[in-house]
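Residue numbers (full-length UniProt numbering): 1 to 201. Glycine included, each C-beta is placed from N, C-alpha and C at the ideal position. Just so we're clear, the structure is a prediction, and the values are computed from it rather than from any experiment. In what follows, a structure is listed as structure tokens, so that the remarks can point back to it.
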Amino acid sequence: MTIFNGNISSIYKKEQFRIWLETYNKQYSTNITFKDRLLEPSLQSGWISGFADAEGCFYGRVKSCLTSKLKRAPPLTFQITPKEFYIIKILRDIFLNLSQPSASTCEDKYVIGHNEIIKDLTLKNINYDKSWNGWSFHCSSFTKLKVIRNYFSRYKLKTKKSLAFKKWCKIHDLVLNKKHLTLEGLNKIDLLSKDINKFIR
Numbered sequence: 001m002t003i004f005n006g007n008i009s010s011i012y013k014k015e016q017f018r019i020w021l022e023t024y025n026k027q028y029s030t031n032i033t034f035k036d037r038l039l040e041p042s043l044q045s046g047w048i049s050g051f052a053d054a055e056g057c058f059y060g061r062v063k064s065c066l067t068s069k070l071k072r073a074p075p076l077t078f079q080i081t082p083k084e085f086y087i088i089k090i091l092r093d094i095f096l097n098l099s100q101p102s103a104s105t106c107e108d109k110y111v112i113g114h115n116e117i118i119k120d121l122t123l124k125n126i127n128y129d130k131s132w133n134g135w136s137f138h139c140s141s142f143t144k145l146k147v148i149r150n151y152f153s154r155y156k157l158k159t160k161k162s163l164a165f166k167k168w169c170k171i172h173d174l175v176l177n178k179k180h181l182t183l184e185g186l187n188k189i190d191l192l193s194k195d196i197n198k199f200i201r
């Protein structure tokens with residue numbers, strides 16, 4: 001119980017735990033105090049890695065590109081899709097190194113109801129999908145992807161996504177070393193991308 005009390009990063013899960021603790025106190029005649037705080041995700045803990053194992057994806061592909069000499073280019077993407085805007089905003093700010101308000105300020109400002117419209121927010125790299133009423137953060141900047149790569153290299157993924165991540169890193173290396181500018185390099189990236197995308201299904 002102490003593992004969760006005051007150590008939850010999701011507003012929704014924190015409320016679930018509060019209700020559960022209230023029921024527990026009544027049922028067992030205890031008086032455990034609910035710690036009304038959020039543990040803010042950071043690059044200094046494995047929380048994001050665990051969350052990405054459930055809600056994250058690594059994508060690779062080779063697409064048509066008229067401005068490229070070979071007429072093809074290899075965009076590489078990391079995406080994570082929580083339902084809670086509060087979480088997606090913090091993850092976006094962490095990975096893109098944007099200024100972050102405190103967790104308590106974020107909670108007050110970004111608790112969003114299902115039918116509310118978000119106003120006065122910078123939604124760079126964030127998309128809303130009304131089909132499942134959830135959010136996604138995506139990053140395809142090869143410079144910014146270095147931060148994401150370094151994080152997941154330190155805090156290892158535990159599911160099959162770890163295999164996708166390894167192949168994703170190989171593509172990242174190929175592009176950083178400009179191998180994508182050769183036909184041989186693009187073909188390698190294409191094969192690696194197909195392997196990565198098997199893990200999405």
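Secondary structure at residue 10: coil, using DSSP grouped into helix, strand and coil. Straight through space, the alpha carbons of residue 81 and residue 128 are spaced by roughly 10 Å.
Under the three-state reduction of DSSP, residue 135 is assigned to strand. Secondary-structure assignment with DSSP links residue 128 through a beta bridge to 135. Contact annotation: the region 31-45 touches the region 91-99, with at least three C-beta pairs closer than 8 Å. As computed with DSSP, residue 56 is found in a beta bridge with 80. Counting along the chain, the unbroken alpha helix (DSSP H) around residue 185 starts and ends at 183-198. Distance from the CA atom of residue 26 to the CA atom of residue 32, rounded to whole angstroms, is 10 Å.
Its chain contains 49 and 162 as the residues whose beta carbon lies nearer than 8 Å to that of residue 156, once the 5 sequence neighbours on both sides are disregarded; these appear in chain order. Inclusion of residue 174 and residue 196 in the CB contact set at 8 Å is not warranted, their separation being larger than that value. Here the alpha carbons of residue 77 and residue 145 stand approximately 8 Å from one another.
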